[in-house]
């Protein structure tokens, strides 16, 4: 069980770094620091690869433990059901709760970044629409230089 706890802690720390990195990307987007954003996104790809390896390792350990206990159900919950309310079981549950909290924090930051990007795209779309309408007015209605108006 010690290996499983360590694997959970490792995966949890990866999610913590993912959350921090995702939050830094948001701050870079807000300040329009695109160089930092690009650098952070490169790091993010490496973190995703690390997360995937940590997940695969944890899944492997859980399946291995379930097999050694002759369990048909290969989930961590099934393994925990075998153990009485022991210190090991409580430690695994505690580490799982911590990891879930970090995953939720990461998901929150990720959703926020997506919403921010959507709103940015909508604003840019509105700007382009206003500019296009202004060009149309210049070409079709005024037959002269574009007038400065409140839309722009």
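Residue numbers (the UniProt record's numbering): 1 to 152. Just so it is clear, CB atoms sit at the ideal spot from N, CA and C, and this is done for glycine as well.
Nearest candidate by alpha-carbon position, reference residue 61, set 5, 118, 45: With respect to the C-alpha of residue 61, the residue from 5, 118, 45 having the closest C-alpha is 5.
Anyone know if the C-beta pair for residue 92 and residue 51 falls short of 8 Å? The answer is no: Cβ separation not under 8 Å.
For residue 73, the three-state DSSP class (helix, strand or coil): Looking at residue 73 - three-state DSSP - the assignment turns out to be coil, as it is neither helix nor strand.
Measure from the alpha carbon of residue 110 to the alpha carbon of each residue in 53, 18, 8, then state which is nearest. That would be 18, whose Cα lies nearest to the Cα of residue 110.
Between residue 1 and residue 55, is the Cβ-Cβ spacing less than 8 Å? Between residue 1 and residue 55, the C-beta gap is not smaller than 8 Å, which leaves the two residues out of contact.
Residue 20 - DSSP class collapsed to helix/strand/coil: Note: residue 20 maps to helix in three-state DSSP.
Span of the alpha helix (DSSP H) holding residue 57? 34-68 is the span of the alpha helix (DSSP H), which, as asked, contains residue 57.
Identify whether residue 1 lies in helix, strand or coil by the three-state DSSP scheme. The answer is coil: DSSP assigns residue 1 none of H, G, I, E or B.
From this set, 94, 22, 76, which residue's C-alpha is nearest residue 66's C-alpha? If we check each option's Cα against that of residue 66, 76 comes out closest.
Quick check: the Cα distance between residue 47 and residue 53, rounded to an integer number of angstroms? Each residue's CA atom was taken as its position, placing residue 47 and residue 53 some 10 Å apart.
Determine the closest residue to residue 10 out of 82, 100, 33, 83, with distance taken between C-alpha atoms. Distance from the Cα of residue 10 is smallest, within the candidate group 82, 100, 33, 83, for 100.
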